[in-house]
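Trainee:
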Amino acid sequence: MASCSISNSDELEILKQSSLNKSAYKDFMDLFKRESIIPLQRGGCVVNTKIGPIQFGIPPETVKDHMVNGFEVPTYFILPTNRFDRKLGINVAEFEFPAYYNFFLKQK
0 MASCSISNSD
10 ELEILKQSSL
20 NKSAYKDFMD
30 LFKRESIIPL
40 QRGGCVVNTK
50 IGPIQFGIPP
60 ETVKDHMVNG
70 FEVPTYFILP
80 TNRFDRKLGI
90 NVAEFEFPAY
100 YNFFLKQK
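Here's what the structure looks like:
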């Protein structure tokens, strides 16, 4: 699990519990898990398709968000035209960890 900076299952459980404490977000996510378009907590969204999930945008920590919420980490990503959000000061196309995850863990 080195591709997403989680060193062991205890750390993943702590992340899950931390995420679950945000009850409004959890309720929101429970609603959208049943839908085909899922907004992500840190930005971007996932569309469930016949070929698997496709994610639009790759904000920082996106692999952790998928793991904490019990979503499959997508194999396919759509990068935004503007890859850097100047207002938030973040790269919205951080593809290295999803690429590592898919290559090393999913072997795709």
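Numbering-wise (numbering that gives the first Met the number 0), the sequence shown opens with residue 0 and increments by one.
Yeah, the Cβ is synthetic: ideal placement off N, Cα and C, and Gly gets one too.
From Tyr100 to Val72, what distance separates their C-alpha atoms?
Mentor: Each residue's Cα considered, the two are about 8 angstroms apart.
Trainee: Could you check if Thr61 is buried or exposed, using at least 16 other CB atoms within 10 Å of its CB as the buried criterion?
Mentor: With 16 or more other Cβ atoms within 10 Å, it is buried.
Trainee: Determine the extent of the beta strand (DSSP E) in which Val62 is found, giving its start and end residues.
Mentor: No beta strand (DSSP E) contains Val62, which is instead part of the alpha helix (DSSP H) from Thr61 to Asn68.
Trainee: Would you report the Cα separation of Pro111 and Asp64, rounded to the nearest angstrom?
Mentor: Examination of residue 111 is not possible in this model, given that the chain is present from 0 through 107 alone.
Trainee: Report yes if the CB atom of Glu93 is closer than 8 angstroms to the CB atom of Pro58, and no otherwise.
Mentor: Their beta carbons are under 8 angstroms apart, which means Glu93 touches Pro58 by this criterion.
Trainee: Among Tyr75, Ile37 and Arg85, which has the Cα closest to the Cα of Gly69?
Mentor: Checking every option, the nearest Cα to that of Gly69 belongs to Ile37.
Trainee: Can you look up Phe102 in the DSSP assignment and give me helix, strand or coil?
Mentor: If DSSP states are grouped into helix, strand and coil, Phe102 belongs with the helices.
Trainee: What residue does the beta strand (DSSP E) around Ile53 start on, and which one ends it?
Mentor: Gly51 to Phe55 is the extent of the beta strand (DSSP E) around Ile53.
Trainee: In whole angstroms, what separates the C-alpha of Ala1 from that of Gly56?
Mentor: Bear in mind that a pLDDT of 35 at Ala1, under 50, signals an unreliable position, so the number given afterwards is only what the model happens to contain. Each residue's alpha carbon lies about 22 angstroms from the other.
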